[in-house]
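Everything on this sheet refers to the single structure shown next.
Listed below in structure tokens is the structure:
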């Protein structure tokens with residue numbers, strides 16, 4: 001049965017309308033993967049001697065002390081980059097195929113993930129060097145086994161975190177608390193974790209704990225997804241109290257108001273959109289890493305402008321970049337109606353502008369770090385409204401990934417959108433304002449750098465109608481490709 005599943009996956013890849021884009025993405029992924037493999041391979045063979053020569057300490061003890069950061073970084077990278085197992089289960093549910101078989105195949109795909117075996121390019125060479133340097137083979141083997149059990153624990157934890165919102169909140173909250181305690185030297189977690197990791201080498205039984213944890217996560221993941229493998233999973237439960245909102249005041253804006261009402265209802269009523277808007281608020285705290293001087297490399301005006309773009313553009317980058325994918329569920333119906341693309345694009349633009357304006361106002365507390373900091377935030381807000389809002393709409397024409405509004409989960413439901421065109425459109429969003437600010441700051445003064453960014457935003461706002469016309473033509477050109485892509489559920 002697994003062989004048939006693999007054959008179906010292979011056919012789905014080659015028969016997909018976005019086959020060319022998929023191949024390009026795979027090529028870039030392979031090149032990137034080779035780079036990281038070589039880098040980790042070099043670190044695996046060289047880190048032992050570098051630590052020994054520079055720190056004059058036992059390399060294994062140093063690795064065991066800081067490996068907790070390695071594992072935490074691994075799960076964070078997985079959350080944002082690892083492709084969660086996706087299976088179009090609908091055709092299989094009417095066939096005599098056990099649900100356990102479907103779930104086993106989906107979870108088994110993750111065992112072969114690049115994010116699992118890439119770690120071998122560091123830990124295997126490092127273990128070989130330890131053996132050459134005279135470490136006990138049995139101890140090295142048990143330590144190695146325990147580390148890889150923890151890496152696979154990260155794999156299944158990532159699947160569950162992506163699928164259960166509560167776990168994500170708990171994980172991020174715990175991470176923030178532990179990071180704060182570590183930074184202010186209130187509690188050093190490495191004092192305790194290093195004992196555990198060193199114990200996997202020094203004893204013959206502690207390595208069993210990660211293996212037990214891995215087995216538990218596998219069993220729990222299997223039972224969880226088997227239990228939820230139904231077409232009606234996630235349907236709304238019966239609710240006795242119903243609330244309604246009145247948006248009739250938007251009727252004065254005609255068709256634009258109608259589109260805005262639909263977008264506001266979409267945000268309020270759907271789980272995925274509410275989660276996205278909630279996450280966009282976290283961007284408001286992004287500037288703390290730059291403006292407080294916590295990270296010395298970020299404490300300069302060039303990086304401050306970089307942070308300002310993200311602080312004021314949280315809604316723009318999280319919600320705005322998936323226009324028109326938010327409407328993918330009923331996009332074919334919209335395109336069959338007498339709807340003008342210009343009005344549709346304009347409504348999305350105004351929604352992004354309003355979100356950016358609110359973010360800029362909410363960023364007012366940053367004035368505590370100095371008036372110049374808030375002036376940079378204000379300039380970034382103007383630039384996001386005048387320029388980046390247009391680039392977001394332009395990029396949306398090439399993002400053809402349907403969005404499941406009923407779920408904020410990635411497991412068994414969604415895959416991330418990426419292509420070369422959207423990458424090229426993304427670069428000016430950050431590089432141009434940083435370059436303009438640096439140019440003004442270097443030749444005239446800091447205030448002139450801020451002024452140049454504001455002028456660029458005002459120019460973009462002034463020519464918005466011409467930009468709308470250009471974007472409208474692109475949307476019309478990509479219309480049928482978009483409709484075809486939205487029909488692809490796997």
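Numbering (full-length UniProt numbering), first residue to last: 1 to 490.
Heads up, the beta-carbon is just placed ideally off N, CA and C, and yes, glycines get one too.
These numbers come from a predicted model, not from an experiment.
Flag this pair as yes or no: are the beta carbons of residue i and residue j separated by less than 7 angstroms?
{"i": "residue 392", "j": "residue 325", "result": "no"}
{"i": "residue 158", "j": "residue 212", "result": "no"}
{"i": "residue 123", "j": "residue 102", "result": "no"}
{"i": "residue 460", "j": "residue 355", "result": "no"}
{"i": "residue 453", "j": "residue 394", "result": "no"}
{"i": "residue 41", "j": "residue 121", "result": "yes"}
{"i": "residue 405", "j": "residue 272", "result": "yes"}
{"i": "residue 261", "j": "residue 99", "result": "no"}
{"i": "residue 178", "j": "residue 309", "result": "no"}
{"i": "residue 384", "j": "residue 316", "result": "yes"}
{"i": "residue 68", "j": "residue 59", "result": "no"}
{"i": "residue 359", "j": "residue 318", "result": "no"}
{"i": "residue 345", "j": "residue 468", "result": "yes"}
{"i": "residue 311", "j": "residue 363", "result": "yes"}
{"i": "residue 440", "j": "residue 323", "result": "no"}
{"i": "residue 427", "j": "residue 456", "result": "no"}
{"i": "residue 267", "j": "residue 277", "result": "yes"}
{"i": "residue 145", "j": "residue 207", "result": "yes"}
{"i": "residue 402", "j": "residue 328", "result": "yes"}
{"i": "residue 263", "j": "residue 351", "result": "yes"}
Which one of the options has the shortest CA to CA distance from residue i?
{"i": "residue 37", "options": "310, 118, 224", "result": "118"}
{"i": "residue 286", "options": "32, 304, 403, 150", "result": "304"}
{"i": "residue 433", "options": "306, 255, 142", "result": "306"}
{"i": "residue 47", "options": "290, 113, 130", "result": "130"}
{"i": "residue 376", "options": "368, 427, 451", "result": "451"}
{"i": "residue 44", "options": "127, 114, 31, 175", "result": "127"}
{"i": "residue 320", "options": "353, 299, 293", "result": "353"}
{"i": "residue 200", "options": "135, 263, 143", "result": "143"}
{"i": "residue 81", "options": "125, 32, 298, 224", "result": "32"}
{"i": "residue 368", "options": "250, 291, 55", "result": "291"}
{"i": "residue 483", "options": "373, 277, 334", "result": "334"}
{"i": "residue 339", "options": "366, 299, 270, 254", "result": "254"}
{"i": "residue 373", "options": "55, 97, 300, 188", "result": "300"}
{"i": "residue 486", "options": "371, 332, 466, 464", "result": "332"}
{"i": "residue 223", "options": "107, 336, 458", "result": "107"}
{"i": "residue 172", "options": "366, 336, 73, 477", "result": "73"}
{"i": "residue 163", "options": "228, 53, 136", "result": "228"}
{"i": "residue 169", "options": "275, 149, 39, 30", "result": "275"}
Please work out which residues of its chain come closer than 7 angstroms, Cβ to Cβ, to residue i, disregarding the five sequence neighbours upstream and downstream, and give them in chain order.
{"i": "residue 217", "result": "153, 156, 157"}
{"i": "residue 198", "result": "61, 64"}
{"i": "residue 55", "result": "62"}
{"i": "residue 251", "result": "257"}
{"i": "residue 416", "result": "A caution first: residue 416 carries a pLDDT of 45, below 50, which makes its placement in the model unreliable, though a value can still be read off. So no residue of the chain qualifies."}
Which residue comes first and which comes last in the alpha helix (DSSP H) that contains residue i?
{"i": "residue 149", "result": "137-163"}
{"i": "residue 56", "result": "Careful: residue 56 lies outside any alpha helix (DSSP H) and carries neither H nor E."}
{"i": "residue 465", "result": "464-477"}
{"i": "residue 487", "result": "Counting along the chain, residue 487 falls outside any alpha helix (DSSP H), and DSSP gives it neither H nor E."}
{"i": "residue 394", "result": "389-396"}
{"i": "residue 332", "result": "331-335"}
{"i": "residue 274", "result": "271-282"}
{"i": "residue 214", "result": "208-227"}
{"i": "residue 194", "result": "190-202"}
{"i": "residue 110", "result": "99-111"}
{"i": "residue 116", "result": "114-117"}
{"i": "residue 381", "result": "371-383"}
{"i": "residue 363", "result": "Element bounds for residue 363: n/a, residue is neither H nor E."}
{"i": "residue 311", "result": "301-312"}
{"i": "residue 325", "result": "Where residue 325 is concerned, there is no enclosing alpha helix (DSSP H), given that its DSSP letter is neither H nor E."}
{"i": "residue 131", "result": "120-132"}
{"i": "residue 187", "result": "Run containing residue 187: none; DSSP gives neither H nor E here."}
{"i": "residue 288", "result": "288-291"}
Rounded C-beta distance between residue i and residue j? I'm assuming under 8 angstroms.
{"i": "residue 388", "j": "residue 313", "result": "6 angstroms"}
{"i": "residue 475", "j": "residue 330", "result": "Between residue 330 and residue 475 the Cβ distance is about 16 angstroms, and since that is not below 8 angstroms, they are no contact."}
{"i": "residue 347", "j": "residue 214", "result": "Not quite, the Cβ-Cβ distance comes to about 49 angstroms (not below 8 angstroms), so this is no contact."}
{"i": "residue 221", "j": "residue 160", "result": "6 angstroms"}
Near residue i, what residues of its chain come up, given a Cβ to Cβ distance below 6 angstroms and the 5 sequence neighbours on each side ignored?
{"i": "residue 445", "result": "none"}
{"i": "residue 258", "result": "none"}
{"i": "residue 412", "result": "Any reading at residue 412 must be qualified, since the residue scores a pLDDT of 36, below 50, and its modelled position is unreliable; no value is offered."}
{"i": "residue 438", "result": "302"}
{"i": "residue 194", "result": "64, 65"}
{"i": "residue 479", "result": "none"}
Do we get a CB-CB distance below 7 angstroms when we pair residue i with the residues of chain C?
{"i": "residue 392", "result": "Included in the structure is just one protein chain, with no chain C present."}
Spatial neighbours of residue i within its chain, please: C-beta separation below 8 angstroms, excluding the five flanking residues on both sides.
{"i": "residue 294", "result": "183, 288"}
{"i": "residue 357", "result": "381, 385"}
{"i": "residue 78", "result": "115, 154, 155, 158"}
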